[in-house]
């Protein structure tokens, strides 16, 4: 995006007698281009900890909004939370890891279908049942982040270690995150008390590589239906 | 005969020169598409292996077998029904009458009196600093609040070791043996079950003489603890496609992490 600004900037010096309108448009575009470049640079410079911290704070603020207390506007709240979850999680990698060997048998369309139901299931079971007032004494301590080796395709990886205190109990919650070149950090696994969510699904799917993708999709779909 | 046949075939080729070219083209196309095919699938799995390699090698020990599957599965069912039909309704009514501060206090109390188990096991693992911390936690919390509050951890920053004999065995290099689901007690393993039996000698409730009192105290401990965790088991079960495997894997991962700590 930064190149756009430079290209446009080079133009006005070469052309004389430019109309005000054109000048106005070019300047606006230049500023926009610079802004977008700055934004992408800022976004890519944001580390794993910052991403999770911002995300957790935003999620907590949704839970704590007065209009989302109790059963009223529950659907709206859950939709908002689901949107937030999709920003924070790399559900593609999460589903790929969860399915393990079975993933190979899925066509791109089947993968998309599976991911949409699977992410909905995760959101339904882990977000939808939380009441705002339950989180009043929740606090998160960000312990440390550790960068891992990049993958062969050049995706950066990191572990973020946190401790969640709630009701006098401290629970270690670790996030495994990845960042594709030029992208942003996203979570693809959560470990609660050392139990990896991705690993847990992977174990459940391990024996089932013989099952057809359609069968596995059908299963998630039913589960999502039962939940809501 | 053979020579004739070859000659004949050769002639046949000559009759339809186009066939030869067509065959060549098909062959070339196949040749070109094969590396594409071959590089497509392994590249994908490489990528997958790359990202998820740890999930295969994460369990450094060989996977824990489940030879008593049918027994375990029945016990899993038994515990599941016990929870939904007995323990959960009981804990819910108890939750309704007992305020959360009291329930937390009681939970802390039961945690505090198991101090001998933690102390002995930190020492058995040679963790002198942890042993010291456990001793301080016990002294501070007992004298400050009879163990109903977590003063040492909350105000003075002491860290719980949460050690037990199963973890001590693990730290000596002993594997889980095999997976085991115990009636009433839930997921365990041969090693952790043996550990639990050993720890029982260090737990004060084991030394209560009267059976009625012992059962009453244990019931309070269990119902009280459950009242603070209602919903956890349900969430795990709801999110799972195979709750038995999910619970088994969660238990084994959890214990593995504890031993590593």
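Chains as they are written, first to last, in our numbering: chain A, 281 to 508; chain B, 36 to 296. Note that the Cβ used here is the ideal one computed from N, Cα and C, for glycine as well.
Which of helix, strand or coil DSSP assigns to residue i
i	result
residue 490(A)	coil
residue 457(A)	strand
residue 438(A)	strand
residue 80(B)	Confidence at residue 80(B) is low in this model, with a pLDDT of 48, below 50, so the placement of that residue should be treated as unreliable; the coordinate-derived value is given next. It is helical.
residue 146(B)	helix
residue 197(B)	coil
residue 431(A)	coil
residue 467(A)	strand
residue 418(A)	coil
residue 253(B)	helix
residue 328(A)	helix
residue 482(A)	helix
residue 222(B)	strand
residue 99(B)	coil
residue 290(B)	helix
residue 264(B)	coil
residue 209(B)	coil
residue 472(A)	strand
residue 185(B)	coil
Between the CA atoms of residue j and residue i - distance to the nearest angstrom
i	j	result
residue 403(A)	residue 502(A)	15 Å
residue 476(A)	residue 167(B)	31 Å
residue 458(A)	residue 228(B)	38 Å
residue 465(A)	residue 335(A)	11 Å
residue 496(A)	residue 391(A)	11 Å
residue 225(B)	residue 358(A)	42 Å
residue 33(B)	residue 211(B)	Summary: the structure shown does not reach residue 33(B), with chain B confined to residues 36 through 296, and so no result is reported for it.
residue 255(B)	residue 237(B)	19 Å
residue 154(B)	residue 198(B)	8 Å
residue 293(B)	residue 287(B)	10 Å
residue 298(B)	residue 202(B)	No answer is possible for residue 298(B): the residues shown for chain B start at 36 and end at 296.
residue 470(A)	residue 269(B)	19 Å
residue 208(B)	residue 388(A)	44 Å
residue 289(B)	residue 407(A)	22 Å
residue 399(A)	residue 480(A)	15 Å
residue 275(B)	residue 235(B)	33 Å
residue 160(B)	residue 474(A)	21 Å
residue 99(B)	residue 124(B)	34 Å
residue 489(A)	residue 372(A)	18 Å
residue 151(B)	residue 487(A)	42 Å
residue 366(A)	residue 309(A)	30 Å
residue 370(A)	residue 395(A)	10 Å
Chain B contact for residue i (CB, 8 Å cutoff)
i	result
residue 406(A)	yes
residue 431(A)	yes
residue 480(A)	yes
residue 366(A)	no
residue 401(A)	yes
residue 351(A)	no
Neighbour flag for residue i against chain A, beta carbons, 8 Å
i	result
residue 38(B)	Because residue 38(B) carries a pLDDT of 49, less than 50, the predicted location of this residue cannot be relied on, and the following value inherits that uncertainty. No, because no Cβ of chain A sits closer than 8 Å to the Cβ of residue 38(B).
residue 291(B)	yes
residue 86(B)	yes
residue 284(B)	yes
residue 197(B)	no
residue 277(B)	yes
residue 306(B)	Only positions 36 to 296 of chain B appear in this structure, which leaves residue 306(B) out of reach.
residue 226(B)	no
residue 256(B)	no
residue 211(B)	no
residue 153(B)	no
residue 273(B)	yes
Other residues of its chain near residue i: CB distance less than 7 Å, five sequence neighbours each side excluded
i	result
residue 239(B)	148
residue 376(A)	383
residue 157(B)	165, 166, 169, 196 and 198
residue 163(B)	none
Residues of its chain near residue i, where Cβ-Cβ distance is below 6 Å and the 5 sequence neighbours each way are ignored
i	result
residue 261(B)	122 and 126
residue 397(A)	500, 501 and 504
residue 141(B)	259
residue 172(B)	187 and 193
residue 444(A)	420, 451 and 453
residue 379(A)	485
Own chain partners of residue i with C-beta closer than 8 Å, once the 5 adjacent residues on each side are dropped
i	result
residue 401(A)	500, 503, 504 and 507
Short CB-CB distance (under 8 Å) between residue i and chain D
i	result
residue 183(B)	Absent here is chain D; the protein component of the structure consists of chains A and B.
Residue i burial status per 10 Å Cβ neighbour count (16 or more: buried)
i	result
residue 258(B)	buried
residue 331(A)	buried
residue 356(A)	exposed
residue 337(A)	exposed
residue 86(B)	buried
residue 304(A)	exposed
residue 70(B)	With a pLDDT of 41 at residue 70(B), under the threshold of 50, the modelled position of that residue is not reliable, and no figure is offered here.
residue 361(A)	buried
Near the ligand PLP: residue i beta-carbon under 7 Å from a heavy atom
i	result
residue 347(A)	Although the ligand PLP was asked about, the structure shown includes no ligands whatsoever.
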